[in-house]
Every structure is written in C-alpha cells, then in structure tokens.
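Those protein sequences? They're chains Y and L, same order as listed. Each residue of the first sequence is one higher than the one before, starting from 1 at the first, in UniProt numbering. Each residue of the second sequence is one higher than the one before, starting from 1 at the first, in UniProt numbering. From the three backbone atoms N, C-alpha and C, an ideal C-beta is built for every residue, glycine too. Reviewing the structure listed below.
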Amino acid sequence: MKKRLTNIALSASIAATYMRAKLRQTLVATAGVAFGITVFIFMVSFIQGTNEYTQDVVFQQSPHLRLFNEVQIADQSLLDRRFPRMVNVVHHQKPKDILLNLKDANQALEDLAGDPRVQAASGAINTQVFFRLGSSSLNGKLNGVDLEKEDQLFSLSGKVIEGSYEEAMVKTNSILMGTGLAKLLNVRTGDQVVVTTEKGGNFPVIVAGIFKTGLTDIDKQQCYASTKTVQKLLGAPASYLTEIKVKLLDKELAPEMSHELQARYHYQGSDWKKDNASLLEGDVLRKMIVYGVAGTILLVAGFGIFNILTMMIYEKMKEIAILKATGFSDSDVKGIFLTQALVIGAAGAVMGLAFGFLISYAVSKVPFNSDVMITLDHLPVSFKPVYYITGFTFGILTTALSGYLPSRKAAKMDPIAILRG
Amino acid sequence: MNVLEVANLNKYFNEPVRNQVLKNVGFQVERGEFVAITGKSGCGKSTLLYLLSTMDTDFEGSIMIDGEQMKGKTNRWLAAFRNRHIGFVFQFHYLLPEFTSLENVMLPARKLGEYPVGEIEQRAMQLLKLLNVDGQALKRAGLLSGGQQQRVAISRALINDPLIVMGDEPTGNLDSANGATVFGLFKELAIERKQTVLVVTHDEDFARRADRRIYMADGSILDA
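The structure is reproduced here in structure tokens:
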C-alpha cells in the first residue's frame with residue numbers, strides 16, 4: 001500500500017516535470033478545455049434561462065391545481081335504474097342540468113389552507129359575460145377572485161400597468177381589465193362599462209385598473225373583480241364559488257394531489273401539467289435542442305482536447321520506452337499521462353466554469369426591454385448548479401479518456417519495439 | 001552458480017519479410033563474470049542483448065535469469081524485475097532530456113522505493129562522481145554532450161546494484177580515458193561486488209580484456 005502510494009507520488013512528480021518543461025503546450029491544452037466548457041456553460045445558461053422565463057410567464061398565470069365543476073353526461077341513465085339487468089341504450093343523451101358551483105367550497109378552502117403541501121389556495125367564481133360600452137359589446141370572461149390571495153398566487157398586482165390594484169380590492173363594482181380588451185372597448189381607468197350576464201342582467205361597473213400578463217388570450221378576454229362583486233352580478237350567495245386554485249410548495253405533486261382532492265370533495269380537477277400539455281411538450285423539444293447544441297459543443301471541445309493530449313503522448317513515446325526500460329511498469333506510464341490529463345482537465349474545467357459564469361453574469365445584466373414581456377428588463381439567464389456540475393464532470397471525463405487511451409497503447413508496447421521505431 | 005542460462009533461443013523479425021535473426025542460441029554466464037559479446041554488424045548481438053534484458057518479449061526458447069524463467073511473464077512482473085536486477089546502458093544513452101542528470105540517475109531507485117530519497121540522492125551523486133560527471137548533476141540531461149550523457153546513463157544503470165549490468169556499446173561514445181574508467185568500473189563490479197557484466201562491443205581491445213568473449217556470426221554463437 002505504501003509502495004503503491006510512493007509510486008503514484010513518483011508518477012505525479014514525473015508528470016509535473018513534463019508539464020513544467022512544456023509549459024506552453026500545457027497552457028494551450030488547458031485553455032482549450034476552458035474554452036469548450038465556457039461556451040457550454042454560457043450557451044446552456046442562456047438558452048435555459050430564456051426557456052424558464054417564457055415558461056414562468058405562463059405558469060405564473062396558471063395555478064398548479066384547479067378544482068371545478070363541469071357540465072357532464074350522466075353515467076347512469078334512468079332506464080338503468082329501472083331495469084338494472086337489461087342492456088339499455090340511450091341515444092343523444094343531454095347533459096345533466098347541474099349547478100356549476102362547488103359544494104362546501106369554503107370548507108374545502110379551509111382544509112387546503114391547513115395542508116402542509118399547499119402554499120396558497122384561493123376560491124374563484126368565473127363567468128362568461130358581455131362587456132358593453134355604447135353600442136359595442138364584447139364577449140369576455142369575468143373572474144371573481146379573492147384579490148388578496150390572487151396576488152399571493154400569481155402576483156397579479158405586479159401586472160397592473162394602469163390604475164390601482166388596491167382600489168379594485170376594496171371598492172365593490174370595480175374591475176381590473178385586460179389591456180387588449182380595454183383597447184378594443186377604448187376604456188381607461190375610471191371609465192364605466194356595462195356587464196351583461198348570461199341570464200340577461202345588466203350592471204354598470206368601474207374600471208379600477210388595467211393589467212397586462214403578456215399572454216394575448218388572457219389580456220384580450222379577461223377581467224378580474226372581487227368574488228363579492230361577481231357574486232352580486234350573478235345574484236349568487238356568498239358561498240357560491242366555481243373554482244378553487246391551489247399553489248403548491250412542490251409543483252411536481254400536483255397530479256397526485258389533484259386525484260386525491262377530486263376523490264375527497266367530488267369535484268372535477270386539473271393540474272398544470274394537463275393544462276399546459278402542449279407547452280410542456282414544446283419545452284421537451286427545446287430541451288432536446290439545448291442538449292443537442294451543448295453536446296455538440298462538448299464533443300468538439302472534447303475532440304480538441306483528445307488531439308492535444310494524443311500529440312503530447314506521441315511526442316513522449318521514446319521517453320515512455322526509456323522509463324519502461326529502467327523498470328517503470330505499464331500502470332506507472334499510464335499514471336504519468338493520466339495525471340497530466342487530469343491536471344489539465346481540472347484546471348481547464350475550473351477556468352471554464354469561472355469564465356462561463358462571468359460571461360453569463362455579464363449577459364444577465366444586459367438590459368432588454370420588451371413590449372410583450374413586461375416583467376423582463378434584463379436578458380434571462382439561468383444559473384442552475386447542474387450545468388456547472390455537468391460541465392466540470394464532462395471536462396474531467398474527456399481529458400481523462402483522452403489521456404488514458406493513447407497512454408494505454410504506449411504502455412502496452414515492448415520498450416524495444418518503440419526504440420527500434 | 002549460473003546467473004544467466006539461455007537455451008534454444010530463436011528470434012524472428014517479421015518486417016519486412018520473416019527473417020530469423022537468432023538461431024538456436026544457448027550459453028550460460030556465471031555470477032561475477034565479465035562477458036563481451038562481439039561480432040560483425042547485423043549478426044544479432046544487440047537483438048540478443050535486448051532479449052536478455054527482458055525489454056523484448058517476442059522470442060522462442062528459454063531465458064533464465066537468477067533461476068527465473070523470463071518467458072511468459074507479465075509486463076508488470078518484467079518491469080519490476082528489470083528495475084531490481086538489470087541495469088541497462090543503451091548505445092545512444094537515452095536519458096530523459098527534461099530531467100536533470102541527477103534525477104535521471106535517481107528515477108530507477110525511486111521506482112524501486114527501498115531507500116529514502118535523501119539516501120538515493122547521495123548514492124546517485126557518488127556514482128556521478130565515480131564517472132566524472134558530478135559537475136553536470138543539476139543540468140538538464142538534454143544539454144549535456146554525448147559522452148557526458150553516456151556516463152550519466154551508466155550511473156543510472158548502476159543505481160539499484162543490479163545483478164546483471166548490460167551494455168550495448170557502452171563505451172562507443174567515450175574518449176579513451178573515460179572508456180578506460182568505465183572498463184575499470186565494470187571490472188571492479190564483477191570482481192568486488194560479484195555483479196555480472198554483459199557487454200556488446202565492437203571495441204577489440206575492450207573485448208580482449210574481458211573475462212570471457214562470446215563471438216557471434218549470422219545469428220549463432222561461434223565461440224563461447
């Protein structure tokens with residue numbers, strides 16, 4: 001064991017002498033590794049940052065978990081109950097006439113507030129309405145929400161570009177309108193519009209503020225108001241809620257919890273994965289592109305590293321033979337070149353990570369103003385440690401491999417076969 | 001006691017055409033003998049020496065050194081054996097040019113790892129002094145003259161007190177004074193320390209003064 005240790009120390013000191021003797025070559029090789037890893041870190045951070053940002057814009061707008069009631073076809077017809085042992089076929093079954101409110105919604109909200117997995121839960125009442133101003137009338141959706149909780153869930157107040165969120169919170173009969181819708185109706189903060197409900201009632205409301213999420217569909221169709229306001233418009237009692245939105249501490253738990261809650265409260269439910277299936281699919285594709293690009297960069301860098309180290313070892317062929325002639329074994333020879341490769345790999349990788357981080361950091365400070373993405377003021381860059389770990393591991397692995405393969409070949413040969421040429 | 005026993009040794013080169021360079025070579029060398037192998041260029045004497053040094057493992061027949069069969073041993077085993085028991089001096093010295101003379105001499109002993117580094121260094125310096133190159137000890141080997149490098153290479157071969165010292169024209173690059181020093185040193189090793197010396201040489205004078213002379217021609221031993 002001690003002998004083994006002194007052998008390793010001896011190999012390392014020989015490697016150190018070689019690296020000092022060929023300092024320039026060593027530095028070029030290190031710089032090659034560093035460059036590859038810098039590019040990798042920067043590219044992945046930037047592309048992933050952009051991906052995550054666009055995803056966040058959407059997900060901020062959608063809860064992790066939704067519970068609601070939907071119009072349904074009865075799964076058991078009257079005939080089935082009357083003639084249970086017969087085969088009954090009903091053509092063109094009509095949907096059941098049910099109330100869309102959630103039974104005992106307030107109790108459910110209370111339960112959810114006490115659940116340790118839940119960050120926040122908010123009850124809502126959503127309804128289709130017409131917004132009228134003068135002769136124009138536009139179809140839209142009015143979301144009656146607990147404005148205080150909604151802000152916790154989706155940071156809605158940050159998206160208000162005109163007017164005041166607080167005003168909408170406290171004043172009844174006031175709404176927050178999507179910027180697209182406001183433009184179409186040509187209304188501003190303080191203007192009055194008329195809301196027509198499904199049942200035909202007309203109610204004047206005040207536009208307390210205008211919001212912009214960056215998602216055209218929402219901005220062009222939706223308005224927010226307090227639950228009380230909407231309940232009043234619909235003539236519904238204070239317990240009438242049609243949707244519960246939940247934000248979890250760990251959003252990956254959503255599908256599982258959705259099933260659990262649906263079973264417990266007999267509501268319908270959906271989770272963010274279901275709601276954004278196409279977006280998530282697109283995200284998978286984008287990730288594949290990122291890893292494709294990153295893989296290519298690493299491959300090119302790896303090939304460069306391999307070339308440099310192979311050249312270094314072929315130059316040393318004769319000296320390998322001399323070392324072996326004086327009694328150094330195959331593994332000593334491999335150890336010498338593996339040490340060189342690992343030192344170059346580790347130094348290059350660390351430098352690459354540092355430069356990659358610096359470039360990414362610099363880029364993340366570049367101002368970027370977008371009309372659509374109002375919450376974006378700088379270029380989005382992701383600083384996840386996993387890219388740095390990947391980059392470092394890759395750097396070490398490729399250099400180790402490119403040091404090991406040619407040295408293994410050299411180590412296997414009889415010294416005389418090398419010296420004779 | 002025989003330190004070296006060679007029997008039925010055959011060696012072929014396959015490039016460019018198959019060609020037998022050693023034909024049924026067999027001889028024995030006793031401990032403490034000083035043997036010179038001579039013969040014309042191309043008679044196979046260097047090839048024979050490389051086989052005996054275990055650096056070439058591609059042969060038929062048997063080579064026994066100190067009672068151990070060399071045929072069929074692993075590279076690792078042979079490397080350790082060379083390190084401990086064989087000191088080899090190449091015709092073209094073959095030092096590691098990036099290391100100092102002293103480091104070159106010390107490396108095989110550090111590999112052997114039997115003595116602390118300080119002791120090895122002391123011993124290496126003694127050897128360099130013996131061969132009159134102690135003045136070059138801290139110079140990089142690549143900067144030395146051919147004769148100086150040759151003497152450093154001889155010091156390297158002796159550092160581990162090998163059972164057999166082998167040399168392929170070890171005095172070929174030396175002037176007559178230094179050549180005489182080396183000859184004297186080899187003789188002393190053989191007589192006083194009972195180390196065996198096996199030298200391939202063209203130097204008629206050197207060969208005549210050895211204990212024994214093996215004369216080779218055309219891959220066979222004519223006169224042992």
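*Coil, strand or helix - Val25 (chain L) by DSSP*: Strand at Val25 (chain L).
*Report the option in L:Ile221, L:Lys45, L:Leu144 and L:Gln28 whose CA atom is closest to the CA atom of residue 231 (chain L).*
With chain L running from 1 to 224 in the structure shown, residue 231 (chain L) is simply not present.
*In the structure shown, what three-state DSSP assignment does Ala238 (chain Y) receive?*
If DSSP states are grouped into helix, strand and coil, Ala238 (chain Y) belongs with coil.
*asked:* In whole angstroms, give me the CA-to-CA distance for Ala124 (chain Y) and Thr227 (chain Y).
replied: Those two C-alpha atoms are separated by around 6 Å.
*Specify whether the region 341–349 of chain Y and the region 29–40 of chain Y touch according to this definition: at least 3 beta carbon pairs, one from each stretch, less than 8 Å apart.*
Cβ pair count under 8 Å is three or more, so yes.
_7 Å Cβ cut-off: residues of chain Y touching Leu96 (chain L)_ = Within chain Y, the residues near Leu96 (chain L) are Glu319 and Ile322.
_chain Y contacts from the region 106–117 of chain L (Cβ-Cβ distance under 9 Å)_ = Answer set for the region 106–117 of chain L: Leu107, Pro108, Arg110, Lys111, Leu112 and Gly113.
*Where the alpha helix (DSSP H) through Lys183 (chain Y) begins and ends*: Run containing Lys183 (chain Y): Thr179 to Leu185, per the alpha helix (DSSP H) assignment.
*Quick one: which unbroken alpha helix (DSSP H) runs of 4-plus residues sit fully inside the region 87–133 of chain Y? Chain order, please.*
Segments of the alpha helix (DSSP H) lying fully in the region 87–133 of chain Y: 105–114.
*Can you give the Cα-Cα distance for Gln231 (chain Y) and Tyr240 (chain Y), rounded to whole angstroms?*
Approximately 7 Å, taken between the alpha carbons.
_Alpha-carbon to alpha-carbon, Pro16 (chain L) and Met106 (chain L)_ = The straight-line gap separating the alpha-carbon atoms of Met106 (chain L) and Pro16 (chain L) is approximately 39 Å.
*Taking C-beta pairs closer than 7 Å, name the residues in chain Y that Tyr12 (chain L) reaches, listed in chain order.*
The premise fails here: Tyr12 (chain L) is roughly 14 Å from chain Y at the closest Cβ pair, so nothing lies under 7 Å.
*Closer than 7 Å by beta-carbon distance: list the chain Y residues that pair up with Met55 (chain L), in chain order.*
One finds Ala325, Asp414, Pro415 and Ile416 in chain Y with Cβ atoms closer than 7 Å to the Cβ of Met55 (chain L), taken in chain order.
*Can you tell me which of the three DSSP states residue 227 (chain L) falls into?*
Residue 227 (chain L) cannot be examined here, being either before or after the span of chain L that is shown, 1 to 224.
_Members of the region 18–35 of chain L that neighbour chain Y once the beta carbon cut-off is set at 8 Å_ = Listed in chain order, the positions of the region 18–35 of chain L with a beta carbon within less than 8 Å of a beta carbon of chain Y would be empty, since no residue qualifies.
*For Tyr314 (chain Y), which residues in chain L fall below 8 Å Cβ to Cβ?*
Within chain L, no residue comes near Tyr314 (chain Y); the closest Cβ sits about 16 Å away, beyond 8 Å.
*Could you spell out the range, first to last residue, of the beta strand (DSSP E) harbouring Met166 (chain L)?*
For Met166 (chain L), the enclosing beta strand (DSSP E) has its first and last residue at Ile164 to Asp168.
*So, using beta-carbon positions, are Pro63 (chain Y) and Leu142 (chain Y) closer together than 8 Å?*
Not a contact, by the Cβ cut-off of 8 Å.
*Closer than 7 Å, Cβ to Cβ, to anything on chain L: give me those residues from the region 8–24 of chain Y, in chain order.*
Look at the region 8–24 of chain Y: the residues with a C-beta under 7 Å from a C-beta of chain L are Leu10, Thr17, Tyr18 and Ala21.
*Please classify residue 431 (chain Y): does DSSP put it in a helix, a strand, or coil?*
Nothing can be reported for residue 431 (chain Y), as the shown portion of chain Y is limited to 1 through 421.
_Tyr215 (chain L) at chain Y interface by Cβ criterion, 8 Å_ = Cβ-Cβ to chain Y under 8 Å: no for Tyr215 (chain L).
_Excluding the 5 residues flanking Lys171 (chain Y) on each side, which residues of the same chain have their C-beta closer than 8 Å to its C-beta?_
Excluding residues within five positions, the ones whose Cβ falls inside 8 Å are Ile206 and Ala208.
_Can you find the residues in the same chain that come closer than 6 Å, C-beta to C-beta, to Ala190 (chain L), ignoring five residues on each side of it along the sequence?_
These residues qualify, in order along the chain: Gly32, Phe34 and Val197.
_With DSSP as the reference, identify every bridge partner of Lys245 (chain Y), one or two as the case may be._
According to DSSP, which records beta bridges pairwise, Lys245 (chain Y) is partnered with Y:Arg66 and Y:Ser122.
_Checking 8 Å against the spacing of the C-beta atoms, do Pro170 (chain L) and Ile86 (chain L) come in under that value?_
No; because the gap between Cβ atoms is not below 8 Å, this pair is not in contact.
_Suppose only complete runs of 4+ residues qualify. What are the alpha helix (DSSP H) ranges in the region 45–69 of chain L, listed by chain order?_
List check, alpha helix (DSSP H) in window: 45–52.
*Quick one, are the C-beta atoms of Arg117 (chain Y) and Leu253 (chain Y) less than 8 Å apart?*
If you check the CB distance, Arg117 (chain Y) and Leu253 (chain Y) come in under 8 Å.
*Assuming Gly395 (chain Y) contacts Ile37 (chain Y) under a Cβ cut-off of 8 Å, what Cβ separation, rounded to an integer in Å, is found between them?*
Correct: roughly 5 Å between the Cβ atoms.
*May I ask which residues mark the beginning and end of the alpha helix (DSSP H) holding Pro108 (chain L)?*
Looking at the DSSP string, the run of the alpha helix (DSSP H) that includes Pro108 (chain L) is Ser101 to Leu112.
_Top-ranked residue by Cα proximity to Val90 (chain Y), from Y:Gly163, Y:Leu100 and Y:Ser77_ = It is Y:Ser77.
*Can you pull the chain L residues whose beta carbon is under 9 Å from the beta carbon of Phe337 (chain Y), in chain order?*
By Cβ distance, chain L contributes nothing, its closest Cβ being about 14 Å from Phe337 (chain Y), past 9 Å.
*asked:* Once DSSP output is grouped into helix, strand and coil, what is the label at Leu174 (chain L)?
replied: In this structure, Leu174 (chain L) counts as coil in the three-state DSSP scheme.
*asked:* Let me see if you follow: with CB-CB separation under 8 Å, is Arg123 (chain L) close to chain Y or not?
replied: Chain Y places no beta carbon closer than 8 Å to that of Arg123 (chain L), leaving this residue out of the contacts.
*What does DSSP give as the partner residues of His378 (chain Y) in its beta bridges?*
Residue pairing by DSSP places His378 (chain Y) opposite Y:Pro367 in a beta bridge.
_8 Å is my cut-off, CB to CB: does Asn173 (chain L) come that close to chain Y?_
Cβ-Cβ to chain Y under 8 Å: no for Asn173 (chain L).
*How would you list, in chain order, the residues of chain Y whose beta-carbon sits under 8 Å from the beta-carbon of Asn83 (chain L)?*
Under a criterion of Cβ atoms nearer than 8 Å, the residues of chain Y adjacent to Asn83 (chain L) are, in order, Thr326, Gly327 and Phe328.
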